[in-house]
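Reading through the structure tokens given below for one structure.
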Amino acid sequence: MLTDRFGRSIEYLRLSVTDRCDLRCTYCLPKGFKGFEEPQHWLTFDEIERLLAAFARLGTSRIRLTGGEPLLRRGLPELARRIGALPGIRDLSLSTNATRLDRYAPALKAAGISRINVSLDSLDRECMEKITGHDSLPKIMAGIMAGKAAGFLPIKINMVAMRGVNDDEIDDMAAFCIEQGFILRLIEAMPMGATGRDAAFLDLGPIQSRLKEKFNLRPHASELGGGPARYLTTADGSANIGFITPMSQHFCATCNRVRLAVDGTLYLCLGQEEKFEFRPLLRDGASDAELEAAIRSAIELKPQQHDFREQPGKIIRFMAQTGG
Ligand code: SAM
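Have a look at this one:
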């Protein structure tokens, strides 16, 4: 098992398969952004498979494919199949904006991805156009429904809640998710890059209390998904709403994850600069034992917590570059 300096078991890796995205969410990638990684720097499928196999030998058991928008990476189902087949990997999931999910859902399910998280900040077409920079809602809804038909379970809907942007839609989104059998997760915007800092931050504490009352929710008895969300559940347990509150109530003490960017850089924390570059090792013929030793030293670099509140100007990379 990989354990960091603070005694946290690191058993979860988020793999960014591309830093590119077909949307330009206001709080994530800026319009006209040109700083994408060169294709020759992208880890190949063989390099990813080899590195993740080393992580798995050291106890990493859960992998999430993310980005950028992961469905933009050609051959994603093939990569998913290869990762899912690695000894020790027992959970393979995907984060997507769903714009292409109607085309790929069956292939991704067949490749071994069991559950998906979909970003959806609004059910209003104009509001989604304002947030994502595109008339994206019809394609996203088609993608979500294709995911449901393909049998992904659960489907979690991630909504970044922003004051004056979509906070008036939270109740509608909760009702939609309850009706469809999806798990809604409300997320506080983080100051990642100028876009994240400019997002209209909304403290989810008061929202949590209000939803609790309105939908007669109670704290969920157990963890759902092993992540940072704190869940409330309906009286009959049939529906859940999660709250991801990195700003108002951070969860660094239980952080169990690291993020591998498309160029092979391992980021140890979303809100800090500590990182370790694996691409040179992979391309300079490092042995499996050397890779494993490098992973152990990288985990040693994991910081105790982020400084998003204390130093909101610190992180200049955008979420899509780290792997959200
Ligand atoms: N394209 C995929 C998607 O849409 O889920 C995966 C990558 S996206 C960067 C992952 C998640 O990060 C999305 O739910 C997005 O809303 C969230 N995100 C991006 N920038 C953020 C920020 N500054 N604060 C909080 N969440 C952010």
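Each position in the sequence shown, counted from 1, maps to that position plus 1166 in our numbering. For every residue, glycine included, the Cβ atom is placed at its ideal position computed from N, Cα and C. Keep in mind the model is a prediction, meaning the values are calculated, not measured.
Could you give the DSSP three-state label for residue i: helix, strand or coil?
i: I1349; result: strand
i: A1275; result: According to the sequence provided, residue 1275 is Lys. The question's Ala does not apply to it. In this structure, K1275 counts as helix in the three-state DSSP scheme.
i: I1229; result: strand
i: G1430; result: coil
i: T1169; result: strand
i: R1281; result: strand
i: R1192; result: In the sequence under discussion, the amino acid at residue 1192 is Thr, which differs from the Arg named in the question. Of the three classes helix, strand and coil, the one that applies to T1192 here is coil, per DSSP.
i: D1473; result: coil
i: D1290; result: coil
i: L1319; result: coil
i: D1450; result: coil
i: M1413; result: coil
i: R1445; result: helix
i: R1269; result: helix
Measure the alpha-carbon distance for residue i versus residue j and round it to whole angstroms.
i: G1437; j: I1482; result: 10 Å
i: Q1374; j: G1254; result: 37 Å
i: F1211; j: P1469; result: 29 Å
i: A1501; j: H1416; result: Nothing can be reported for residue 1501: it is not among the residues displayed for the chain, which extend from 1167 to 1490.
i: L1195; j: S1182; result: 15 Å
i: G1371; j: D1450; result: 49 Å
i: R1239; j: D1268; result: 16 Å
i: K1200; j: R1186; result: 10 Å
i: Y1270; j: L1383; result: 35 Å
i: F1202; j: F1409; result: 31 Å
i: H1386; j: G1198; result: 42 Å
i: Q1156; j: F1381; result: With the chain running from 1167 to 1490 in the structure shown, residue 1156 is simply not present.
i: T1400; j: I1310; result: 23 Å
i: A1246; j: K1322; result: 19 Å
i: E1177; j: D1454; result: 19 Å
i: P1320; j: N1406; result: 11 Å
i: G1490; j: L1432; result: 13 Å
i: C1343; j: D1369; result: 21 Å
i: F1444; j: G1430; result: 5 Å
i: A1222; j: Y1193; result: 33 Å
i: K1305; j: V1284; result: 12 Å
i: G1278; j: R1266; result: 18 Å
i: L1252; j: A1219; result: 6 Å
i: C1191; j: N1263; result: 10 Å
i: S1280; j: L1217; result: 22 Å
i: S1261; j: W1208; result: 19 Å
Using C-beta distances below 8 Å, list every residue in its chain close to residue i, excluding the 5 sequence neighbours before and after it, in chain order.
i: L1447; result: E1456, L1457, A1460
i: S1414; result: E1354, D1369, L1370, G1371
i: D1473; result: G1437, Q1438, K1480
Take residue i and list the residues in its own chain whose beta-carbon comes closer than 6 Å to its own, dropping the five residues that flank it on each side.
i: L1467; result: L1434, E1440
i: Q1471; result: C1418
i: V1150; result: Since the displayed the chain opens at 1167 and closes at 1490, residue 1150 lies outside it and no answer follows.
i: R1291; result: L1303
i: S1288; result: M1294, N1332, E1335
i: G1173; result: none
i: R1425; result: R1180, Y1433, T1488, G1489
i: M1167; result: S1175, G1225
Under DSSP, the alpha helix (DSSP H) around residue i begins and ends at which residues?
i: M1307; result: 1303-1316
i: G1250; result: 1242-1250
i: D1212; result: 1211-1223
i: L1457; result: 1454-1466
i: T1488; result: 1485-1488
Just to confirm, does residue i get its C-beta within under 8 Å of one of the non-hydrogen atoms of the ligand SAH?
i: D1287; result: Ligands present in the displayed structure are limited to the ligand SAM, and the ligand SAH is not among them.
With respect to the beta strand (DSSP E) encompassing residue i, which residues constitute its N-terminal and C-terminal limits?
i: I1410; result: 1406-1410
i: R1396; result: 1396-1400
i: L1237; result: Premise fails: L1237 is in no beta strand (DSSP E) and is neither H nor E.
i: Q1257; result: It is Asp, not Gln, that sits at residue 1257 in the sequence shown. That run of the beta strand (DSSP E) goes 1257-1262.
i: E1203; result: Where E1203 is concerned, there is no enclosing beta strand (DSSP E), given that its DSSP letter is neither H nor E.
i: S1182; result: 1178-1182
i: R1384; result: 1383-1385
Can you name, in chain order, every residue of its own chain whose Cβ lies under 7 Å from the Cβ of residue i, other than the five neighbours on each side?
i: K1378; result: L1398
So within the segment 1328-1378, which uninterrupted beta strand (DSSP E) runs reach at least 3 residues, ignoring any that extend past its ends? 1349-1354
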